[in-house]
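Undergrad:
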Amino acid sequence: MSEKRPAALVEVRGVSKTYRDHVAVHALRDVSFSLAKGEFAAVVGPSGSGKTTLLNLVGALDVSDSGLIRIAGHELTATPREELADFRLRHLGFVFQAYNLFPVLTVLENLEFVAVLQGMAAAERRRRARELLAAVGLAGLAEKRPPELSGGEQQRVAVLRAIMTEPDLVLADEPTANLDSENAGILLDMMERMNREKGITFLFSTHDPRVMERARKLIRLRDGRIE
Amino acid sequence: MRLFLAMAWRNVWRHRRRSVLTVMTIALGLAFNIFMRALGDGFHEQMVDNSVRAHIGHIQIHRAGYHDDPAITKTLPQPDRIRSAIESLPGVRGASFRVLGDGLASSAENSAGVSVVGVDPDEEPTVTTIHRAVIRGRYLERGQHKPCLIGERLAKTLQVDVGDSLVLLAQAADGSMAGEKYRVEGVFRSGAPELDRGVVYLVAEDAQELFVLPGRFSEAVILLDSSRAVDETARRLEAELAGLEVEVLPWYVVEPYIQQFIELDDAFFYVIVLILFIVISVGILNTILMSVFERVREFGVMMSLGMKPRQVVRLVVLEAFLLGVVGVVFGGLLGSAFTLYYEAAGMDFGAWAEGAAALGLTTTITYPKLTAANLFWSNTSVLLVVVLVAFYPAWHAARLEPVEAMRHV
Ligand SMILES: Nc1ncnc2c1ncn2[C@@H]1O[C@H](COP(=O)(O)OP(=O)(O)OP(=O)(O)O)[C@@H](O)[C@H]1O
Ligand SMILES: [Mg+2]
Chain A
1 MSEKRPAALV EVRGVSKTYR DHVAVHALRD VSFSLAKGEF AAVVGPSGSG
51 KTTLLNLVGA LDVSDSGLIR IAGHELTATP REELADFRLR HLGFVFQAYN
101 LFPVLTVLEN LEFVAVLQGM AAAERRRRAR ELLAAVGLAG LAEKRPPELS
151 GGEQQRVAVL RAIMTEPDLV LADEPTANLD SENAGILLDM MERMNREKGI
201 TFLFSTHDPR VMERARKLIR LRDGRIE
Chain B
1001 MRLFLAMAWR NVWRHRRRSV LTVMTIALGL AFNIFMRALG DGFHEQMVDN
1051 SVRAHIGHIQ IHRAGYHDDP AITKTLPQPD RIRSAIESLP GVRGASFRVL
1101 GDGLASSAEN SAGVSVVGVD PDEEPTVTTI HRAVIRGRYL ERGQHKPCLI
1151 GERLAKTLQV DVGDSLVLLA QAADGSMAGE KYRVEGVFRS GAPELDRGVV
1201 YLVAEDAQEL FVLPGRFSEA VILLDSSRAV DETARRLEAE LAGLEVEVLP
1251 WYVVEPYIQQ FIELDDAFFY VIVLILFIVI SVGILNTILM SVFERVREFG
1301 VMMSLGMKPR QVVRLVVLEA FLLGVVGVVF GGLLGSAFTL YYEAAGMDFG
1351 AWAEGAAALG LTTTITYPKL TAANLFWSNT SVLLVVVLVA FYPAWHAARL
1401 EPVEAMRHV
């Protein structure tokens, strides 16, 4: 391995994860891959192949049994569990399959949420939030509450929230699973644009072939192993 | 943190009906608490005031040792110095110098042991209300020939009335037995059994003559503008009278049973408050637990985004606090309004009149009294209970693992 090559943004090496309820489920076995900064990558594989498990580990939401995960120079696998929340707050953005937004907050406030946790000044976070909404033509939704939005609009707002604080990496577990193909297309267009314009690295999962096509890099999982 | 305040506030009203019910529970509990406390305060104050105004005054001064062993020879040293000391103090409404002794009152029909109280007819009304308790005849006047004033029940025992005579037999200060005849000028009904049954009021000079105590007094009784000033005034009097062989006693030393009753009554009140708080707590706990359990997924998202457990605790507790504040505002207003109404109108406990009389109350009407201390402690304790109770559900929420919480349906 060349010492001169810039370190990858995401480095996953020999990671395994076994769930032990009644029976042991080997969700991930010896998974290794890396992502460069600015990547637009997808984890793909059939249901139960370990996509969510992998995203949870890279997203510092869960801990692996063995192996090494390093993101932006931070070795997650050596970080105490109670410090992971702070790592997520400072370095990661998240888009979930559904129920991303807080129903009591307006769209604008939802965008502000993570920025508030980060301690960003009120004026700055409001400016950023309005700018982002305007950039994707959603300025009219600013004062609306999530329940008034369509599913597609909700996911777009969720993507904006994830990139609000310009994290090192945005993780999106099946962000289009609940969307029709038209809305899925719009969402991917938006993610691609943010990736291109702001250089934000995306790692999303899907088992939809049309979504896979949009990724520039594919990480294929089957039965917890990289194919 | 304005965003979290807004979030907490809106979360509170997410289930309007449930929150309104909880607010009502808090408000009614608080209002009840305020009212009960005010009723107790008013009742206690009235009890004290009744005893104080009936006979004992706020502060009594005797020769040292008189209270424990009231001998007729223990009279006040230098009454004039004591009088000027009393007059020099602020907040003194009146003072009465009395001559006290025991005797046997006899009529043609019957006789009874009595306490003889010799008073200055002009001075006594500055402290007690005995002059207003006269129901037949009239109050003592100087210049009448050996007048006396007796209670209604004593009059009945002796079978005498206004215009009749009675004889007082007593052992005088010099050890001699004295007997003297007095004319009943008035009959009073104070409502206090020990006064109505067993006291004969004389003009001070006549009592001094009976007991052979020329120019001497057994006690000085003082009425203050406010019962709150008792301890302070007693301290200052003691300082003023340093060197004199006297004892300066607040009313609660003179009549300790009133204070004991108040303490017992307060203890009873606290038990009721405790039960009330437990009931309120269960209601609040239920509401907040429900609100936490139906938002498990939401807490999962929050914590995934980087919210820390203690911030989750803060959010949940803040929600409870807001709920509590709304309840306290309504409860405080309701309780105050209700209390103030009855503070003006009075509450008639006619049915308990007999018990009230035994406690020295001359009326069956009680006036609750709303104090700042009552409002402060009632409001803060209810709010505190709400917030403390919220820590349990808050801890539950904070303990959630983001991944598991988000899988929650
Ligand atoms: N908390 C858990 N406890 C036990 N087993 C689990 C748990 N989470 C996932 N699994 C199991 O681990 C394996 C991988 O699951 P995972 O959710 O990562 O797959 P996936 O690729 O995301 O599937 P899908 O496409 O259905 O979302 C599956 O066999 C699943 O049943
Ligand atoms: Mg999955």
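For the record, the sequence lines run as chains A and B.
Take 1 as the starting number for the first sequence in the working numbering and just add one per residue.
Take 1001 as the starting number for the second sequence in the working numbering and just add one per residue.
Each residue gets a CB set at the ideal place from its N, CA and C atoms; glycine is no exception.
1) For Ala1398 (chain B), collect the residues of the same chain with a Cβ closer than 6 Å to its Cβ; drop the 5 residues on either side in sequence, then sort them by chain order.
2) Looking only at DSSP bridge pairs, what is Phe1097 (chain B) linked to?
3) Using three-state DSSP, classify Lys4 (chain A) as helix, strand or coil.
4) Starting from the N-terminal end, write out each residue whose C-beta falls within a distance shorter than 7 Å of any non-hydrogen atom of ligand 2.
5) What do you reckon, are the CB atoms on Met1007 (chain B) and Phe102 (chain A) nearer than 8 Å?
6) Taking 7 Å as the line, does the beta carbon of His22 (chain A) fall inside it for any heavy atom of ligand 1?
7) For a quick check, are the C-beta atoms of Ile1072 (chain B) and Gly1101 (chain B) less than 8 Å apart?
8) Taking Cβ-Cβ distances below 7 Å as the criterion, which residues of the stretch 1296-1318 of chain B are in contact with chain A?
9) Is His1062 (chain B) buried or exposed, if buried means 16 or more other CB atoms sit within 10 Å of its CB?
10) What are the residues of the stretch 70-85 of chain A that lie near chain B, defined by any Cβ-Cβ distance shorter than 7 Å?
11) Between which two residues does the alpha helix (DSSP H) harbouring Thr255 (chain A) extend?
12) Can the beta-carbon of Val1116 (chain B) be found less than 8 Å from the beta-carbon of Ala1170 (chain B)?
13) Just to check, is the beta-carbon of Gly45 (chain A) closer than 7 Å to a non-hydrogen atom of ligand 4?
14) DSSP state of Pro146 (chain A), grouped into three classes?
15) Using only the alpha-carbon positions, how far apart do Val31 (chain A) and Gly67 (chain A) sit?
16) Beta strand (DSSP E) containing Tyr1139 (chain B): first to last residue?
17) Along the stretch 1382-1406 of chain B, what residues have a CB closer than 9 Å to any CB found in chain E?
18) Just to confirm my understanding: we take Met1 (chain A), look at its own chain, exclude 5 residues before and 5 after, and list those with CB closer than 7 Å. What are they?
19) If you drop the 5 nearest sequence neighbours on each side, which residues of the same chain put their C-beta closer than 7 Å to that of Lys4 (chain A)?
20) Quick one: what does DSSP say Glu1343 (chain B) is sitting in, helix, strand or coil?
21) Distance, Cα to Cα, Gly1137 (chain B) vs Ser1096 (chain B)?
22) Closest to Thr1025 (chain B) by CA distance: which of B:Met1047, B:Phe1261, B:Lys1181 and B:Gly1332 is it?
23) Nearest to Val170 (chain A) by alpha carbon, out of A:Phe94, A:Thr53, A:Leu61 and A:Val44?
24) Find out if the Cβ-Cβ distance for the pair Asp1225 (chain B), Pro1250 (chain B) is shorter than 8 Å.
25) Residues of chain A with CB under 8 Å from Leu1003 (chain B), in chain order?
26) Compute the beta-carbon to beta-carbon distance between Leu1154 (chain B) and Ala1108 (chain B), rounded to the nearest angstrom, for a pair I have assumed lies under 8 Å.
27) What are the boundary residues of the beta strand (DSSP E) that includes Ser1171 (chain B)?
28) Scan the stretch 1071-1135 of chain B and note each continuous alpha helix (DSSP H) run of 4 residues or more that stays entirely inside, going in chain order.
29) Check whether the Cβ atoms of Ile1082 (chain B) and Ala1220 (chain B) sit closer than 8 Å, and answer yes or no.
30) Which residues, in order along the stretch 123-144 of chain A, keep a beta-carbon less than 8 Å from a beta-carbon of chain B?
31) Anything in chain B within Cβ reach of Tyr19 (chain A), meaning under 9 Å, just list it in chain order.
32) Using 8 Å as the threshold, is the C-beta distance between Val1114 (chain B) and Val1199 (chain B) below it?
33) Let me know if Gln1060 (chain B) comes out buried or exposed under the rule of 16 or more other beta-carbons within 10 Å of its beta-carbon.
34) Three or more beta-carbon pairs under 8 Å between the stretch 22-29 of chain A and the stretch 211-227 of chain A, yes or no?
35) Using DSSP bridges, identify the partner residues of Lys1181 (chain B).
36) How big is the Cα-Cα spacing for Leu203 (chain A) and Glu148 (chain A)?
TA: The short version:
1) Pro1309, Val1312 and Val1313
2) B:Ala1220
3) Reliability fails at Lys4 (chain A), whose pLDDT of 48 lies under 50, so the model's placement of it is uncertain and no value is given.
4) A:Lys51, A:Thr52, A:Asp173, A:Glu174 and A:Ser205
5) yes
6) no
7) yes
8) Arg1297, Glu1298, Val1301, Met1303, Ser1304, Leu1305, Gly1306, Met1307 and Lys1308
9) buried
10) Ala85
11) With chain A covering 1 to 227 only, the question about residue 255 (chain A) has no answer from this structure.
12) yes
13) This structure lacks ligand 4; its bound ligands are ligand 1 and ligand 2.
14) helix
15) 8 Å
16) Careful: Tyr1139 (chain B) lies outside any beta strand (DSSP E) and carries neither H nor E.
17) No chain E appears in this structure, whose protein chains are A and B.
18) At Met1 (chain A) the pLDDT is 44, less than 50, meaning the model places this residue with poor confidence and gives no usable figure here.
19) Unreliable placement is indicated for Lys4 (chain A), whose pLDDT of 48 sits below 50; no coordinate value is reported for it.
20) helix
21) 23 Å
22) B:Gly1332
23) A:Phe94
24) no
25) Leu105, Glu109, Glu112, Phe113 and Val116
26) Not confirmed; about 15 Å, so no contact.
27) The sequence given here has Gln at residue 1171 (chain B), not Ser. First-last of the beta strand (DSSP E) with Gln1171 (chain B): Ser1165 to Gln1171.
28) 1079-1088
29) yes
30) none
31) Here the premise fails: no neighbours, minimum Cβ distance about 11 Å.
32) yes
33) buried
34) yes
35) B:Val1167
36) 29 Å
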